Amino acid sequence: MESIPKKQGVVDRMLSLRWLVIIAATLIIGATAFSLPTLTKDTSADAFIDPESPALIYKERVEKVFGLTDPIVVAVINKGGNGVFDTDNLALVESLTSKIEELKQVDPDRVVSLATENNIVGTPDGLIVEGFLDKKTEHFKGARGSTERASEIREAISEFPLYQGSLVGREGTATLIIAEILDEDDAQATYDAVVDIASQAVVPEGTEIHIAGEGAVAGYLSTYIDKDASRLNPLAGVIITIVLLLAFLSLRAAILPNVVVAATVLGSFGLMAASGTSFYVITNGLVVNLIGISVADSIHILSAYYSILRDDPDIDKKAAVKLAVSKMWRPVTLTSLTTIAGFLALSASSTMPPIQAFGLFGALGVALAWMYSLTLLPALLTIWPTKRIPLPFKSGLTRASFSERLMTSIGRTVLGAPKVVVGLSVVILTVAVFGAMQVVVDEDRIENFRPTEPVYMADKAINSTTDGIYNLDILVETQSAGGLYDPETLQRIEALQDYIETLPSVGGTTSIVDYVKQLHRSVNDGDAAFYTIPDNADLIAQLFFLYGASADPTDFEEEIDSDHRQALVRAQIKEGRYTNNKLLVPALEKYVKDVFNNETVKATVTGRVTVSYYWIQGIDQSTLFSILLSFVAVTLTAMLVFRSAISGLLAALPVGLAILLVYAVMGFTGIPLGVSTSMFAAIAIGLSIDFAIHALDRLREIGRTKGLDADALIDLYPETGRALFFNFVAVAGGFGVLMTSEVPPLVKFGGLVAVAVSVAFLASVTLLPALVTLFKPRALLAPKPKEKPNAFNHKPT
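Numbering follows full-length UniProt numbering, with no gaps: position 765 of the sequence shown is 765.
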């Protein structure tokens with residue numbers, strides 16, 4: 001680092017061009033913010049997995065072959081005597097289906113409900129394939145809309161296992177309308193349109209309409225994030241402004257840091273938009289992050305500036321700014337470098353695009369905050385009309401402010417009993433290790449919503465009354481066209497389905513095998529004994545031919561491809577929780593590999609549940625690496641900038657304690673390690689080390705001028721301690737705002753980072769000074785002058 005005189009020269013030249021600095025900063029802000037309107041949101045679950053992931057590639061392949069997308073699921077639920085099998089509820093299903101089919105964002109041929117699906121009945125001449133709610137029917141005797149027809153439909157469903165649990169709840173209390181979206185980018189508009197249709201429907205007494213499914217989650221989440229951000233971000237700004245007013249009791253000190261905040265946030269998100277990076281669910285937390293980081297630098301620079309004015313009231317304003325910036329250049333730069341290192345480590349250690357973007361643009365935002373804090377803020381300070389000293393600093397001439405007295409009191413307590421402080425820290429550390437060992441990895445996408453949100457309640461209601469709306473798919477591939485006519489292959493698929501249904505949270509399965517067995521039963525007078533796979537390939541082919549002659553042959557396109565070579569087995573899962581999927585997916589993959597696959601047929605496990613399992617597994621496997629990488633990165637950075645291994649380790653000590661304590665909080669309170677909570681450690685490391693660096697830099701300054709005795713170290717607290725206190729309040733308050741979020745993962749993320757920052761602050765002003773006063777590390781003392789050779793004592797050779 002440069003010496004103070006050299007830095008003063010650089011700052012002096014910068015301030016002499018202050019108007020140019022202000023104009024240049026304004027142009028940069030405008031240029032970066034220009035792209036903001038093009039920023040796009042991506043709330044899909046696939047956004048969290050590497051585009052090159054085999055699980056995602058196979059899922060997309062399946063969707064292309066079978067024409068599938070993540071659907072919106074509408075459930076009609078009635079737990080009365082007849083359940084959904086009464087005239088009013090069937091009329092409701094028909095009406096909702098008709099209106100949903102008319103939506104331009106929905107593929108009308110891919111809407112599935114009792115109003116679109118067919119009943120299959122055998123006759124001496126072949127098959128009768130007709131809709132359950134068709135107006136004219138051969139098999140159903142009751143008129144559409146009659147009680148008799150409703151009873152006939154109930155009876156037909158009871159003899160059609162394929163629809164039990166998947167289309168109609170097994171107890172008859174729920175039935176589904178499943179609509180596939182033409183373009184997943186239209187999920188929000190589609191969800192809003194379906195909600196509007198449901199809100200205008202005439203709902204029978206005792207009946208509820210619920211809307212869920214991955215399409216609904218992605219659609220509603222977009223609106224949910226917008227609403228949350230529009231409330232959170234201004235609130236964070238208000239909290240920060242209040243902290244600044246309390247710290248300085250000055251309008252100037254409240255306005256100027258907010259200029260730096262605005263410049264940083266606009267620049268970061270403008271560059272995000274310009275680069276084509278999407279705004280993800282977790283990106284909402286980045287705004288508050290950058291607000292806290294940006295204002296922290298300003299607090300330290302303003303504190304130094306006002307302290308200089310207090311000590312020398314006659315000093316020229318420009319000279320005071322120059323001295324303040326020169327004094328704070330080093331610690332502000334050090335803290336920025338270590339925070340950048342933490343963010344970059346987060347980005348480098350993750351395979352998830354949203355977390356990679358969070359880390360990358362977080363680092364970029366810190367760099368912008370550093371640049372504006374050391375250029376734009378000083379330039380604006382010099383052109384501010386007055387040089388008035390705020391009351392908290394003016395009072396220092398006679399009596400210290402409350403915050404100074406508070407920090408000095410803490411200092412006296414710590415320095416008076418350093419061994420007690422270190423001993424308590426060791427006890428806390430021991431307990432924290434035990435708590436951290438209790439943390440488990442878990443994630444459930446529906447937990448992005450509060451339990452009171454309609455989509456959350458819908459998810460729980462539908463999964464409790466049907467086989468489940470989370471899909472796990474298995475792609476079955478044979479060697480040649482028509483390979484699925486082979487009875488042995490179909491029997492293998494049947495055995496696969498039987499095995500899947502023994503696994504946790506699996507409600508049921510469906511495949512082309514279920515249709516084959518239903519057709520076989522139908523052509524044998526509906527005899528349940530024939531609900532089997534025929535043992536003759538020609539008979540199986542004939543069943544498909546009969547169906548094609550009686551109905552649309554494309555009815556099976558979601559279960560089998562046009563060549564009858566590939567089939568899709570779909571399992572309905574009742575919950576999307578990782579701890580469940582962790583038991584389900586590996587077990588199924590093992591069965592497929594060890595039991596199902598052979599030389600003629602192979603299967604691949606894919607689908608939404610599988611993709612979700614793999615991207616959460618990335619957290620399970622990479623979190624420790626991410627923490628270690630971030631911790632090592634900031635520690636090495638601290639060592640380099642302090643030019644001392646001991647100083648770097650001392651700076652890292654409060655950070656390590658903070659992270660360990662937060663994991664202990666998670667373990668003791670049952671907060672799982674998920675997407676948002678996995679990020680907190682790397683970010684908290686970058687933020688927390690700021691306190692240690694500011695404290696350590698001041699301790700080194702004291703050590704080199706006064707020594708490291710307790711009487712000297714008390715000087716840490718009135719000025720630097722006070723600045724650290726308000727820095728802590730600002731950052732913790734900013735992240736505390738996230739605890740009011742409507743998005744539960746952000747609540748946990750904000751709370752955990754706030755806890756980490758609190759622990760790091762306390763450790764930096766207690767444990768760090770206690771260790772320094774006990775061990776007096778030479779790295780913090782003035783280097784001893786080298787002894788020059790004494791010519792008079794020189795002994796000749």
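All C-beta atoms in this analysis are idealised placements derived from N, C-alpha and C, irrespective of residue type, glycine included.
Just so it is clear, the structure is predicted and the values come from calculations on it, not from any experiment.
For E599, the closest C-alpha among the options A770, Q479 and M679 is that of Q479.
Note on R110: 16 or more other CB atoms within 10 angstroms of its CB, so buried under the neighbour-count rule.
Residue state for K41 is assigned as strand, using DSSP reduced to three classes. Rounded to whole angstroms, the gap between the alpha carbons of V506 and Y58 is 21 angstroms. When beta bridges are read from the DSSP output, V506 appears opposite I573. Beta-bridge analysis with DSSP links Q566 to E477.
Sequence-distant partners of A436 (beyond 5 residues in either direction) whose C-beta falls short of 8 angstroms from its own C-beta, in its chain, are L660, Y663, A664, M666 and G667. Proximity to G215 across M272, S626, D183 and I72 peaks at I72, based on C-alpha coordinates. Between V112 and I120, the C-beta spacing is not below 7 angstroms. For L699, the uninterrupted alpha helix (DSSP H) segment begins and ends at V675 to T705.
Beta-bridge partners of I128 (DSSP): V121. Listed as beta-bridge partners of K602 by DSSP are E477. DSSP places D196 inside the alpha helix (DSSP H), whose first and last residues are A187 to Q200. Scanning E575, D473 and P51 for the CA closest to the CA of Y456 turns up E575. Fewer than three beta-carbon pairs drawn from the stretch 632 to 648 and the stretch 402 to 411 are found closer than 8 angstroms, and the two stretches are therefore not classed as touching. According to the DSSP assignment, D228 belongs to the alpha helix (DSSP H) that extends over E214 to F248. At least 7 angstroms separates the beta-carbon of S612 from that of V569. Contact annotation, R565 with G483: C-beta distance approximately 5 angstroms; criterion of less than 8 angstroms satisfied. Rounded to whole angstroms, the Cβ separation of T173 and I77 is 6 angstroms, and the two are in contact under 8 angstroms. The criterion of a C-beta distance shorter than 7 angstroms is satisfied by A682 and G342. In this structure, DSSP gives Q491 a helical state, which the three-state scheme calls helix. In the three-state DSSP reduction, L167 falls in the coil class, being neither helix nor strand.
In this model, A198 and E60 are separated by some 30 angstroms (Cα to Cα). Of the residues assessed, P553 falls on the exposed side of the cut-off, its CB having fewer than 16 other CB atoms within 10 angstroms.
Taking 7 angstroms as the cut-off, the Cβ atoms of G721 and G292 do not count as close.
The alpha carbon of G674 has as its nearest neighbour, out of I282, A156, E205 and D86, the alpha carbon of I282.
Beyond the five residues adjoining it in sequence on each side, F269 comes within less than 7 angstroms, by CB distance, of L36 and L39 in the same chain, given in chain order.
Distance check between T740 and each of F728, S230 and A324 places S230 closest, using alpha-carbon atoms only. Here Q438 is exposed: its Cβ has fewer than 16 other Cβ atoms, across all protein chains shown, within 10 Å. For I469, no alpha helix (DSSP H) encloses it, and the DSSP letter there is neither H nor E. In this structure, the straight-line span from the alpha carbon of P313 to that of L708 is close to 30 angstroms.
Three or more Cβ pairs drawn from the stretch 211 to 228 and the stretch 183 to 190 lie within less than 8 angstroms of each other, which places the two stretches in contact. DSSP places N78 within a strand segment (E or B) once states are collapsed to three. Taking a 10 Å sphere around the C-beta of A730, we find 16 or more other C-beta atoms and assign the residue as buried. Note that the C-beta distance between I533 and Q497 is not below 7 angstroms. The alpha helix (DSSP H) runs lying completely inside the UniProt domain "SSD" (259 to 383) and spanning 4 residues or more are 284 to 311, 317 to 349, 353 to 374 and 376 to 383, given in chain order.
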